[in-house]
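Residue numbering for the sequence shown follows our numbering, beginning at 57 and increasing consecutively. Each remark here refers to the structure printed beneath this line.
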Amino acid sequence: MGFSALSIGASSDTEEISSINLRPGATEISGQVYDLHMLMFYICVAIAVAVFGVMFLSMYLHRKSRGAKPANFHENVKVEIAWTVVPFLILIFMAVPAANTLIAMEDTSEPDMTVLVTGSQWKWHYKYMDSDVEFYSLMATQREQIENRFDKGENYLLEVDRPLVIPTGQKVRFLITSDDVIHSWWVPDFAVKKDANPGFINEAWTRVDEPGIYRGQCAELCGKDHGFMPVVVIAKEPAEYNAWIDEQEAIAKRAREEEQRLLAMNMSMDELMTEGERVYNAACAACHMPNGEGLPGVFPALKGSEMVLEDQHAHIEIVLNGKSGTAMQAFGKMLSLKEIAAVVTYERNAWGNNTGDAVQAKDVNAVVNGN
């Protein structure tokens, strides 16, 4: 999938160039990568012009119609030395700047801050290692656009509900891993593309000098919703970033306090069903379908499911922890206790299931703690 202008303020000239060529990007490293790319391109063009020029000129000047007679020889030591030494020198000339750029790209030492990036099917999780902030980032493109019922927006499939925010002028190190299958975190304007491998951690870094919005996506075929796993990074001035991180820490603190309050109270069935329908449509309907009937042979139906109808503990547990070897992912870190309680309640009472079960946050917390 091609990208148009991926940073705010990009000119139409930049958009046109970036659609046919590697673009300079927004960082010093991405500029070095672009310069290296263009150097290699010009060298290849020069070699092609020289080789094909000599070939076509020789064919023209020594054609049979001009009476040219082919030489009859088997080897020429000078020519053989030349076509060995000249390519070797060209490769050395290309290798030196390439090695310098690659070394600079891999130098993650002395970062100003570190972000842990974890890929999951099909979303990204960001954890700021220097503060108490972490969240999931999910694609925000409307399902109606994907289904061609609404016109596609400017950033179709490249917009998220919660973008990664970083400060300008600071070296940001990314620790990149995965919860399930191999993903790849790719932001072209940073010249960063690193595989997210389960059980391993890869490192990358960037330093963005100008505030802006930079977009990318997962660049590794990771499952059926691979194309719905975008990356959005917002670079803010340090003062604005510090204000944002303080606000996020306050929000996280309030969320923890709210969960503790919910453990001591019960929500009504109407509240649970309303919230549960919202969570289900956002997180579950893509696989299990809005009508709860799933996709036969691919995703199991929840409507009439034996587990949903009879085993509340197992139902909560699979939503919390997922199921190994299947596409059922763990939502324990992604959803709050309230949201899990609501969506389990909704699934147990929607589409004619009608169990009458009203699952509360304290019930989910009991499964989390193994009670």
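Positions of the beta carbon are idealized from the N, C-alpha and C atoms, including for glycine. Since the model is a prediction, treat every value here as computed from it, not as a measurement.
May I ask you to list the residues that DSSP assigns as paired with Ile290? Val221, Ile269
Glu210 to Asp236 span [Cα, whole Å]: 31 Å
Thr262 bridges to which residues according to DSSP? Val228
Roughly how many angstroms separate the alpha carbons of Asp217 and Ala196, rounded to a whole number? 5 Å
Closest Cα partner of Val375 within the set Ala397, His239, Gly360, Glu362: Ala397
If contacts are defined as beta-carbon pairs under 8 Å, then Val264 and Thr224 qualify, I think. What distance do you get, rounded to the angstrom? 5 Å
List the endpoints of the continuous alpha helix (DSSP H) containing Leu147. 133-162
Close beta carbons around Val228, own chain, < 6 Å, minus the five adjacent residues each side: Met169, Ile222, Thr262
To which residues does DSSP link Met439 through a beta bridge? Examination of residue 439 is not possible in this model, given that the chain is present from 57 through 427 alone.
Length of the line joining the Cα atoms of Leu391 and Asp251: 26 Å
State the start and end residues of the unbroken beta strand (DSSP E) segment that holds Ala252. 248-252
DSSP on Cys278, reduced to helix/strand/coil? coil
Below 8 Å on the Cβ atoms is my contact criterion, and I expect Ile257 with Val288 to pass it. Report the Cβ-Cβ distance as a whole number of Å. In fact, because the Cβ distance is near 22 Å, the residues do not count as touching under 8 Å.
Taking the continuous beta strand (DSSP E) assigned at Val243, which residues delimit it? 239-243
Three Cβ pairs or more, each shorter than 8 Å: is that satisfied between the segment 242-250 and the segment 270-278? yes
Identify, in the order they occur along the chain, each residue of the same chain with its Cβ nearer than 7 Å to the Cβ of Asp302, setting aside the five sequence neighbours on each side. none
Excluding the 5 residues preceding and the 5 following Gly175 in the sequence, name in chain order all residues of the same chain whose CB lies nearer than 6 Å to its CB. Ser234, His239, Ala252
Excluding the 5 residues preceding and the 5 following Leu117 in the sequence, name in chain order all residues of the same chain whose CB lies nearer than 8 Å to its CB. Ala124
Does DSSP put Val216 in a helix, in a strand, or in coil? strand
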